[in-house]
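Asks:
The structure is reproduced here in structure tokens:
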């Protein structure tokens, strides 16, 4: 079968609207092209079924072509009944359609990069052929897809039409007397020669720089010394150096958080973060920690039979270059972290936090290269892409996305910060084994299942371990995710494979691909035959197959006697798998490719040979101060980009898909966005999980900034009803220029604060992830070199348990005449915990009608949100309300008059203050001379951001 289907899209197609949004591109038509190649013959009727499956007959038109036997001519098989341009060309008869200037450009995915549309189309075709009893298998059919864009007028800058990281374009036709255009820049792939590299430091460093491996001189010297003295050879292979670079990378090894720093020999992670958790566990026999800092995610006890595990990742560098793909692979990757926890947990909720530069004040004249062919993406484009990426990854995976945050700040000039998180649930015991304990047995088969391996994601780990420069962007660092393939893999694991005990260990293929998953799972020894790995495209070098971060893949340790059953289940779920080797106890990693040894290395050296560097800090003479924000009115405050509604994001994300949503992201009749949500993961239990987060941007006092952020995240959870004794934390440090002693001083102070405040509040850290080089090096429009660094930031995620969902309160006021109280935590951590305990008792006794933590914008904004939710008004008396525009350590609550005395008896006089009451009239009255209509506030709050 040799056929081509062309589908003409309506002018309402969102791709046209997006490209024309800035008024610089005049696109008249978009046509999707499907090309089919098969050794099997399909009838005209079958081809027409395929056409109908790919076409919306209400809004789209189509033509189908088939090749003649001589393959030199093309005939039209059928066109849609609404005929549009006649002609026998494979392209539409453009000259008959347009009499003035026009151009035609074809865009398609780079070879070797995931093409989701082609894969879904292939599934449709093979299904139809099987239904018609045509004997075909997937490997007999090839599907290619592309998009034709037809425009009028001057040909635009081609950089606006495609992303060279994952796509290529070609000019197919043009009709114009005068045409000027920019040539698309080529993507660069490093193809290995397979030859060995001599062990001179100069040649090692040259290879290191050429391939952006980010190894330093000390590491290179250690590598050369090891191969000469321990491996007994004066050469090493490219795949070996690539593997060491990936394993030792900042992204994977977290060197800066682990190295000794000043007098802290244990380093920031072990000396501050991990030590605080160990202290809490040691001093609290009722702690809820189950597994911390040892697996793909941290886990707590949900009840006696289940664990909840959580992980939050960053995907900053990929999202700066390809926002949609970077964010989608981020959310899919953190989902696989949950699948890879223990013996496999079920993902139950996704979370996000997006940090972008203020689009109204950002610089627009920055480029990655001196020739100005690679412009730095603007923040609006980045934000649109990352929102859509998390949408596609989460919604198409059947995982709810109930909670998130969005921050605008010029602190993020160098890179966006894209945080993606996931929570999962797992039985405490699986097949009579403790579910969080795993490990391969000697002789277990190495099985990889899920998506195929391609060039997408090569050097992703080392690329993310440095700032973005023109020299380290090679074009293959960005992965493209496929949520449908991952969903099939996830279902096969959770629904069948896991609970029948068909494997001894599982992990995801994250940073470093097979190098990471097999290398870490097989720390005691392994043998791999790379030619057995299923590939997306031919021609991949062994090192590319080994380190590629292509998505949707999990690695298993499967006992030989269980492989057949494992394979039957995967096949039934439509999941590809391959046996690529076996685990052993040799202490070495051995990799062959088509019978030739390409990797032979001590695993002790690979995992423990990374040399230690003693870091030194220096207190900065000048610290970035907090920007002084002034607003002329409450309306103006609530219209601010960091205060106004996030409904435009929340409505795109499905938070109901698993039927677990209890406290929703949009609350009240008027859908006010909430900073904290809750889900009920087990239908036969009253217990819930609450999730919240807060971002600290380091200014004059990083210690205080960090303490305040942790208190805010914890207070957010306590406000809705989470038990203050059942809260845990996750840290995501996003630093910049982290070789600078002054930046390291900020890091150390933030780590010290994490230690102190977590112990004081009894909230242990269970997981974390850091991103140390959020920097941009490039050029201005004049060709001058420029380096921009983000202000160091820390995202704190808090997860906690609600003992009974009936204790949960939302932010929307319930009844007029309810009283409004302010609860003050102050800044003293021990005092805050005591107030949290009293507040929790008030919730258990049903004394609080509604509640909101004071956050961005201050008290008045929080009160306004409560009133706006159901259109109520309020009378407020606050002496310092005009000055309180910042976060404060407070909770605003409403209390029914009948419960006032009991509420007051729960607290000390110094902890609560009555500040007003809810009214029927939709007006917020702040003293006799200050009134504002709730409708006016709602209008300001719901203003469009993008």
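Residue numbers (the working numbering): 40 to 985. Note that CB positions come from ideal geometry on N, CA and C, so glycine has one too.
#1: How many angstroms separate the CA atom of residue 398 from the CA atom of residue 683?
#2: Within 10 Å of its beta-carbon, does residue 396 have 16 or more other beta-carbons around it, so buried, or fewer, so exposed?
#3: With a threshold of 8 Å, are at least 3 pairs of Cβ atoms found where one atom belongs to the region 643-656 and the other to the region 583-596?
#4: Hey, how far is the Cα of residue 258 from the Cα of residue 823?
#5: Have a look at residue 359 and residue 810 and give me their C-alpha separation to the nearest angstrom.
#6: Just how far apart, CA to CA, sit residue 225 and residue 405?
#7: Which residue comes first and which comes last in the beta strand (DSSP E) that contains residue 616?
#8: Thinking C-beta only, is residue 331 closer than 9 Å to residue 316?
#9: Compare the Cα-Cα distances from residue 565 to each of 872, 581 and 484 and report the closest residue.
#10: If I measure Cβ to Cβ from residue 363 and keep anything under 6 Å in the same chain, skipping five residues before and after, which residues do I get?
#11: Looking at residue 291 and residue 551, is the spacing between their C-beta atoms short of 9 Å?
#12: Please report the distance separating the alpha-carbon of residue 921 from that of residue 314.
#13: Please classify residue 324: is it buried, with 16 or more other beta-carbons within 10 angstroms of its beta-carbon, or exposed?
#14: One question on the structure: do residue 693 and residue 440 come within less than 9 Å of each other, judged by their Cβ atoms?
#15: Sorted by chain position, which residues of the same chain lie with C-beta nearer than 6 Å to residue 886's C-beta, five sequence neighbours on each side aside?
#16: Which runs of the alpha helix (DSSP H) spanning at least 4 residues fall entirely within the region 897-945, listed in chain order?
#17: For the 8 Å Cβ check, are there 3 or more pairs between the region 899-918 and the region 872-881?
#18: Tell me the rounded alpha-carbon separation between residue 653 and residue 304.
#19: Give the range of the beta strand (DSSP E) segment to which residue 294 is assigned.
#20: Between the Cα of residue 619 and those of 612, 629 and 610, spot the shortest distance and give me the residue it belongs to.
#21: Residue 1055 bridges to which residues according to DSSP?
#22: Assign residue 205 to one of three DSSP states: helix, strand, or coil.
#23: DSSP three-state call for residue 345: helix, strand or coil?
#24: Please classify residue 478: is it buried, with 16 or more other beta-carbons within 10 angstroms of its beta-carbon, or exposed?
#25: Mapping DSSP to helix, strand and coil, what is residue 953?
#26: Can you tell me whether DSSP reads residue 188 as helix, strand or coil?
#27: Pull up the CB-CB distance for residue 793 and residue 390, whole angstroms please, since I reckon it's below 8 Å.
#28: Residue 955: which of 932, 971, 949 and 946 sits nearest, CA to CA?
#29: Please classify residue 3 as buried or exposed, where buried requires at least 16 neighbouring CB atoms within 10 angstroms.
#30: Going by beta carbon distance, what residues of the same chain come within less than 6 Å of residue 724, once the five residues before and after it are set aside?
#31: State yes or no: is the C-beta of residue 377 within less than 9 Å of the C-beta of residue 348?
#32: According to DSSP, is residue 818 part of a helix, a strand, or is it coil?
#33: Does the pairing of the region 409-416 with the region 463-477 give three or more beta-carbon distances under 8 Å?
#34: Whole angstroms is fine: what's the gap from residue 965's alpha carbon to residue 672's?
#35: Just mark residue 102 as buried or exposed, buried being the case when its beta carbon has 16 or more other beta carbons within 10 Å.
#36: What separation, rounded to the nearest whole angstrom, lies between the Cα atoms of residue 637 and residue 277?
Replies: The short version:
#1: Here residue 398 is taken as the residue at index 359 of the chain shown, counted from 1. Here residue 683 is taken as the residue at index 644 of the chain shown, counted from 1. Distance between the alpha carbons of residue 398 and residue 683 is about 15 Å.
#2: Counted from its first residue, the chain shown places residue 396 at position 357. Burial call: buried.
#3: Cβ pair count under 8 Å is below three, so no.
#4: On the chain shown, position 219 is the one that residue 258 refers to. On the chain shown, position 784 is the one that residue 823 refers to. Rounded to whole angstroms, the separation of the alpha carbons of residue 823 and residue 258 is 32 Å.
#5: On the chain shown, position 320 is the one that residue 359 refers to. On the chain shown, position 771 is the one that residue 810 refers to. The straight-line gap from Cα to Cα measures roughly 14 Å.
#6: As a working mapping, residue 225 is identified with position 186 in the chain shown. As a working mapping, residue 405 is identified with position 366 in the chain shown. Residue placement at residue 225 is poorly supported in this model, since its pLDDT is 24, which falls under 50; the coordinates still yield a value, given next. Rounded to the nearest angstrom, the two C-alpha atoms are 20 Å apart.
#7: Within the chain shown, the letter at position 577 stands for residue 616. Where residue 616 is concerned, the enclosing beta strand (DSSP E) stretches over 616-622.
#8: Locating residue 316 in the chain shown gives position 277, counting from the first residue. Locating residue 331 in the chain shown gives position 292, counting from the first residue. Yes, the pair counts as a contact, with Cβ atoms nearer than the cut-off.
#9: For the purposes of this step, residue 565 is identified with residue 526 of the chain shown, where counting begins at 1. Nearest of 872, 581 and 484 to residue 565, Cα basis: 484.
#10: Taking the first residue of the chain shown as position 1, residue 363 is located at position 324. Cβ neighbours of residue 363 within its own chain (closer than 6 Å, five residues either side excluded): 424, 427 and 428.
#11: In the chain shown, counting from the first residue as 1, residue 551 sits at position 512. In the chain shown, counting from the first residue as 1, residue 291 sits at position 252. Yes, Cβ-Cβ distance for residue 551 and residue 291 is below 9 Å.
#12: Taking the first residue of the chain shown as 1, we reach residue 921 at position 882. Taking the first residue of the chain shown as 1, we reach residue 314 at position 275. Only weak support is given to the placement of residue 921: the predicted model assigns it a pLDDT of 49, under 50, and the value that follows is read from those uncertain coordinates. Residue 921 and residue 314: Cα-Cα distance of roughly 42 Å.
#13: Position 285 of the chain shown, counted from the start, is the residue given in the question as residue 324. It counts as exposed.
#14: Within the chain shown, the letter at position 654 stands for residue 693. Within the chain shown, the letter at position 401 stands for residue 440. Yes, these two residues count as a Cβ contact at 9 Å.
#15: Taking the chain shown and counting its residues from 1, the one referred to as residue 886 is at position 847. If the five residues before and after residue 886 are omitted, its C-beta is found closer than 6 Å to the C-beta atoms of 938, 941 and 942, all from its own chain and listed in chain order.
#16: For the region 897-945, whole alpha helix (DSSP H) runs of length 4 or above, ordered along the chain, are 898-909 and 939-945.
#17: no
#18: Working through the chain shown from its first residue, we reach residue 653 at position 614. Working through the chain shown from its first residue, we reach residue 304 at position 265. Distance between the alpha carbons of residue 653 and residue 304: 8 Å.
#19: Here residue 294 corresponds to residue number 255 of the chain shown, with the count starting at 1. Looking at the DSSP string, residue 294 is not in any beta strand (DSSP E); the run it does join, the alpha helix (DSSP H), is 294-297.
#20: Taking the first residue of the chain shown as 1, we reach residue 619 at position 580. Closest by alpha carbon: 629.
#21: Nothing about residue 1055 can be read from this structure; the chain reaches only from 40 to 985.
#22: Position 166 of the chain shown, counting from 1, holds the residue named residue 205. Residue 205: coil per DSSP, three-state reduction.
#23: Here residue 345 is taken as the residue at index 306 of the chain shown, counted from 1. Note: residue 345 maps to strand in three-state DSSP.
#24: As a working mapping, residue 478 is identified with position 439 in the chain shown. Counting C-beta atoms within 10 angstroms of its own C-beta, residue 478 has fewer than 16 neighbours from the protein chains shown and is therefore classed as exposed.
#25: Along the chain shown, one-based indexing puts residue 953 at 914. Residue 953 falls in the strand class under three-state DSSP.
#26: Numbered from its first residue, the chain shown carries residue 188 at position 149. Three-state DSSP puts residue 188 in a strand.
#27: Your numbering for residue 793 matches position 754 in the chain shown. Your numbering for residue 390 matches position 351 in the chain shown. Not a contact, Cβ separation roughly 20 Å.
#28: Here the question's residue 955 lines up with position 916 in the chain shown. Ranking the options by Cα distance to residue 955, first place goes to 932.
#29: Only positions 40 to 985 of the chain appear in this structure, which leaves residue 3 out of reach.
#30: Taking the chain shown and counting its residues from 1, the one referred to as residue 724 is at position 685. Correct list: empty, nothing qualifies.
#31: Start at 1 with the first residue of the chain shown, and residue 377 comes out as number 338. Start at 1 with the first residue of the chain shown, and residue 348 comes out as number 309. For residue 377 and residue 348, yes; Cβs fall inside 9 Å.
#32: The residue you call residue 818 lines up with position 779 of the chain shown. Strand.
#33: Because the criterion of three Cβ pairs below 8 Å is not met, the region 409-416 and the region 463-477 do not touch.
#34: Looking up residue 965 in the chain shown gives position 926. Looking up residue 672 in the chain shown gives position 633. Their backbone Cα atoms lie some 12 Å apart in a straight line.
#35: Within the chain shown, the letter at position 63 stands for residue 102. Label assigned to residue 102: buried.
#36: For the purposes of this step, residue 637 is taken as residue 598 along the chain shown, with counting starting at 1. For the purposes of this step, residue 277 is taken as residue 238 along the chain shown, with counting starting at 1. If you draw a straight line from the Cα of residue 637 to the Cα of residue 277, it is about 9 Å long.
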